[in-house]
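Scroll down for the structure; my scribbles are underneath it.
Number of protein chains: 2
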Amino acid sequence: MAMMPVTDSLYLLAESREHPMHVGGLQLFEPPDGAGPDYVSELHRRLVKADDVRPLFRRRPMNPVSSIGQFAWSNDNDLDLEYHVRLSALPRPGRVRELLELTSRLHGTLLDRHRPLWEFTLIEGLQDGRFATYSKVHHSLLDGVSALRLLQSSLSEDPDEQDMRPIWSSQLRDNVAGRRIQPDEEGGALVGLRNAALAIRDIAGLAPTALKVLDDAFREQSAGLAFKVPKSMFNAAITGARRFAAQGWPLDRIKNVRKAVSGATLNDVMLAMCSGALRRYLIELAALPDKPLVAAVPMSLRTDSARTAAEGGNAIGIILCNLATDTEDPVARFTEIRESMRRGKQVYHGLSQLQITALSAIPMAPLAMSMIPGALRVTPPAFNVMISNVPGPHNQLYFDGARMTGIYPLSIPYEGQALNITVTSYAGNLQFGLTGCRRSVPHLQRLLTHLEDSLAELEKALIA
Amino acid sequence: MAMMPVTDSLYLLAESREHPMHVGGLQLFEPPDGAGPDYVSELHRRLVKADDVRPLFRRRPMNPVSSIGQFAWSNDNDLDLEYHVRLSALPRPGRVRELLELTSRLHGTLLDRHRPLWEFTLIEGLQDGRFATYSKVHHSLLDGVSALRLLQSSLSEDPDEQDMRPIWSSQLRDNVAGRRIQPDEEGGALVGLRNAALAIRDIAGLAPTALKVLDDAFREQSAGLAFKVPKSMFNAAITGARRFAAQGWPLDRIKNVRKAVSGATLNDVMLAMCSGALRRYLIELAALPDKPLVAAVPMSLRTDSARTAAEGGNAIGIILCNLATDTEDPVARFTEIRESMRRGKQVYHGLSQLQITALSAIPMAPLAMSMIPGALRVTPPAFNVMISNVPGPHNQLYFDGARMTGIYPLSIPYEGQALNITVTSYAGNLQFGLTGCRRSVPHLQRLLTHLEDSLAELEKALIA
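Spelled out as structure tokens, the structure:
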């Protein structure tokens with residue numbers, strides 16, 4: 410029996426019908442040349458036979474229905490792989506729209522706690538001949554970054570590599586580097602709310618003087634932002650059903666916009682696209698707040714302290730970004746976002762890794778608190794929407810010769826945070842995954858059109 | 410606000426991830442002549458527009474997360490019909506096997522309590538050109554018999570009738586009789602556990618003398634059975650995932666077997682098929698108890714009391730049937746089942762409707778108790794498996810010219826009752842629907858082969 414860290418069990422404790430606590434990924438593939446109509450079902454048959462399941466994918470909560478006390482893991486020695494590895498199909502006409510509808514439904518149902526907390530679905534029936542995979546794993550097992558890294562390990566840069574192992578296999582190699590994945594690498598990376606939960610633990614152990622430093626730093630960030638977080642339609646109680654929308658944009662288009670504004674980053678352009686899209690979406694629904702929306706943006710930050718450099722030198726900080734959604738002019742909006750991100754990073758300058766983590770926890774604390782059943786949310790939202798940029802693979806990847814054409818993250822809407830935007834890069838594209846509460850975020854797919862319009866508007870204004 | 414009867418709210422109170430409390434129905438249809446490849450998606454588009462939703466299908470629990478006190482209904486005035494009415498497809502090769510896998514998955518997920526408690530899924534992609542519908546409704550809204558009756562009302566005996574209304578429409582007529590369904594007919598019929606829950610309420614109000622009569626009658630039934638209920642693999646704690654298997658057999662084959670044994674009913678043949686199939690299944694798994702399995706069989710019983718005749722004259726009684734699974738010879742087994750059913754009905758002879766209901770509640774009480782969260786199950790199983798025969802339509806039915814070729818009920822496995830068998834008749838066939846807990850009842854589909862073998866064995870032994 411392995412006791413579960415408090416930060417992991419929090420995701421089991423906080424889970425309810427209204428608040429599924431799993432992350433997901435949608436991948437699109439082109440079948441290899443010469444693949445017949447039964448290619449996907451044959452692949453499914455082969456994958457179901459890959460029963461050398463690594464320990465992480467055998468874990469299940471020891472007492473599935475416990476709601477108090479600490480959780481422990483047990484191993485499922487009688488794993489029912491046909492339950493976890495599924496084959497599904499799209500109804501006609503098999504457009505991306507039908508794929509997103511199915512993915513939304515799959516992402517909105519709870520994982521079965523009597524079994525290891527993951528599902529993997531092969532999806533056929535796309536009209537353009539591609540197929541998709543949707544994978545779903547509980548946040549208590551893996552966060553989004555780790556899941557993406559593990560997925561990458563199950564793919565190859567070599568289109569001719571055959572007999573590859575699926576993501577749950579204990580024989581999985583890091584195909585890109587050609588090495589075996591070590592067990593202690595699983596669940597290693599931390600980001601977002603998991604970070605916050607960890608940070609709350611860390612803050613509890615901080616000396617009062619350290620807290621004073623953080624308090625000053627947070628005041629600086631707040632003062633620098635010089636605005637208050639408005640209430641918005643995204644900051645409502647949520648229900649269990651989900652809407653998911655996804656699309657990719659060429660990185661070259663985003664790079665061209667970046668070049669036109671000095672000091673801007675690709676991340677700033679991504680945030681400006683989101684800002685413009687959210688502004689258009691909220692105007693359509695007559696729900697745009699007078700004050701600008703504030704995004705929580707997890708960022709990887711280099712720290713200057715020698716001590717933290719020895720520890721690895723990187724830390725995730727949460728930056729509160731003024732999305733300037735009250736500003737109509739796209740260039741002025743973009744400039745304001747770039748400025749807000751620059752100021753946010755400055756606040757962290759010179760802080761230690763622990764201090765960065767602790768400072769990041771301050772805006773996340775109300776959200777982490779809202780996960781605890783029965784805890785009252787006494788504070789207004791510390792931000793309106795979480796926007797994460799998770800680094801993805803640079804090169805074209807393949808599974809058994811099938812080329813992956815896209816990869817889109819599905820994240821967790823939380824109580825009071827009905828919309829999550831997560832983007833990842835892959836092979837020359839920036840891929841957006843938008844996950845929302847079906848009730849609180851109607852017509853989520855319109856945000857895709859608005860993202861395109863928002864990027865086109867920046868191109869028109871900035872590129873001759 | 411409408412308060413919910415205690416018997417209805419019991420199904421909401423008892424529901425958990427492990428114990429979804431909805432019933433379902435799987436229907437198969439042949440598209441009309443000349444239907445194109447987009448027939449099903451066009452039908453879906455039309456159905457999603459049928460937003461004249463009757464009150465029953467607008468109801469949702471007022472406080473979805475309450476777990477104590479009485480529930481109340483509220484109306485969803487902002488019904489999201491695209492959420493409730495879904496379009497899905499089978500992966501290749503689109504056999505009945507793929508259909509049953511999808512149906513099992515759909516039946517194993519919880520309904521969203523923030524919305525009216527029903528879903529309706531159109532399923533395309535069967536290799537033989539047919540399409541299917543799977544409907545799912547919470548037991549607190551409708552029991553299986555009422556759901557089947559309502560479904561029948563949404564179909565027509567006329568293959569040329571067009572522009573028909575779906576089951577949730579407020580304009581639904583009883584197409585068979587050509588009349589409008591009255592609101593007070595909804596949720597009228599009672600059977601099985603719902604009956605038990607009602608009966609427990611009724612018993613509480615009975616005079617002690619009446620209880621004495623019942624106690625004597627129950628002793629008689631038990632004595633007549635002259636056996637104890639064994640523990641079996643079906644009487645275990647269950648999990649939330651489901652397996653569903655379904656198949657139809659021509660009524661003519663069953664009638665021929667009945668004719669060969671004097672005094673036997675069609676129901677007796679059905680029970681003998683189940684008995685032989687369960688015996689084969691349990692032998693394969695080396696899990697056949699030495700003592701015979703006992704089935705709980707809900708039966709419609711005519712009562713002799715004038716008072717109950719004035720009230721409608723029919724009551725549902727639960728008969729405990731000795732399935733004689735310890736007997737190898739199929740004819741001896743069949744005879745024993747027929748005898749056990751005859752004795753069971755005799756016990757009820759001369760009892761009033763209320764007495765029948767109360768007597769039926771005695772074996773069901775431990776099951777009803779097990780539904781109450783936290784209630785200890787202090788008694789051994791009162792029976793091993795519930796086998797219900799729900800009367801279905803006699804004639805061929807159509808929806809907008811699409812002929813219904815089969816209809817199969819999906820019921821609720823309960824704690825300690827991991828397998829449910831429900832059969833219904835339709836247009837010359839007897840249709841079996843087997844719903845089991847995925848973990849406790851492995852390889853459920855093998856029972857279909859065993860049902861056929863069991864029928865063939867009776868035919869071989871009894872028909873020259």
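Here the protein sequences come in this chain order: G and P.
The numbering used here puts the last residue of the first sequence at 873; the count rises by one with no breaks.
The numbering used here puts the last residue of the second sequence at 873; the count rises by one with no breaks.
Idealized CB from N, CA, C, for every residue including glycine.
Per DSSP, the bridge partner or partners of residue i
i	result
G/T831	G/S797, G/G842
P/L531	P/L496, P/T542
G/Q656	G/F841
G/N731	G/V703
G/N676	Partner(s): none; G/N676 has no beta bridge.
G/E439	G/R812
G/L757	Looking at the sequence shown, residue 757 of chain G is not Leu but Tyr. DSSP output for G/Y757 lists no bridge partner at all.
P/P818	P/G434
P/S371	Summary: the structure shown does not reach residue 371 of chain P, with chain P confined to residues 410 through 873, and so no result is reported for it.
G/G726	G/M708
G/Q826	G/Y823
G/Y807	G/S565, G/R812
G/H428	G/S425
P/V462	P/S578
Residue burial classification, residue i (beta-carbon count within 10 angstroms, cutoff 16)
i	result
P/S497	buried
P/I692	exposed
G/H803	exposed
G/E451	exposed
P/N838	buried
P/I647	buried
G/I872	exposed
G/P429	buried
P/L694	exposed
G/R455	exposed
P/Q764	buried
P/P575	buried
G/P440	buried
Any C-beta of chain P under 8 Å from that of residue i
i	result
G/H758	no
G/A811	no
G/L519	yes
G/N484	no
G/A870	no
G/R539	no
G/R469	no
G/G534	yes
8 Å Cβ cutoff, residue i in contact with chain G
i	result
P/P440	no
P/H875	Here chain P comprises residues numbered 410 to 873, so residue 875 of chain P is not present and cannot be evaluated.
P/L496	yes
P/T512	no
P/Y550	Inspection of the sequence shows that residue 550 of chain P is occupied by Leu rather than by Tyr. By this cut-off, P/L550 is not an interface position.
P/A426	Per the sequence shown, residue 426 of chain P should be read as Arg rather than Ala. True, the Cβ-Cβ gap to chain G drops below 8 Å.
P/T734	no
P/A654	no
P/Y492	yes
P/T542	no
P/G837	no
P/E824	no
P/N604	Confidence at P/N604 is low in this model, with a pLDDT of 49, below 50, so the placement of that residue should be treated as unreliable; the coordinate-derived value is given next. Chain G, which has no Cβ nearer than 8 Å to the Cβ of P/N604, makes this no.
P/A695	no
P/R847	yes
Near the ligand SAM: residue i beta-carbon under 7 Å from a heavy atom
i	result
P/E427	With respect to small molecules bound, the structure shown includes none, and the ligand SAM cannot be examined in it.
Tell me which residues of the region 439-461 of chain P have at least one Cβ-Cβ distance to chain G shorter than 8 Å, keeping chain order.
P446, D447, V449, S450, H453
Taking a cut of 9 Å between CB atoms, which residues from the region 499-511 of chain G lie near chain P?
L499, P500, R501, P502, G503, E507, E510, L511
For the region 641-667 of chain G, list every residue whose C-beta sits within 7 Å of some C-beta in chain P, in sequence order.
T648, G649, A650
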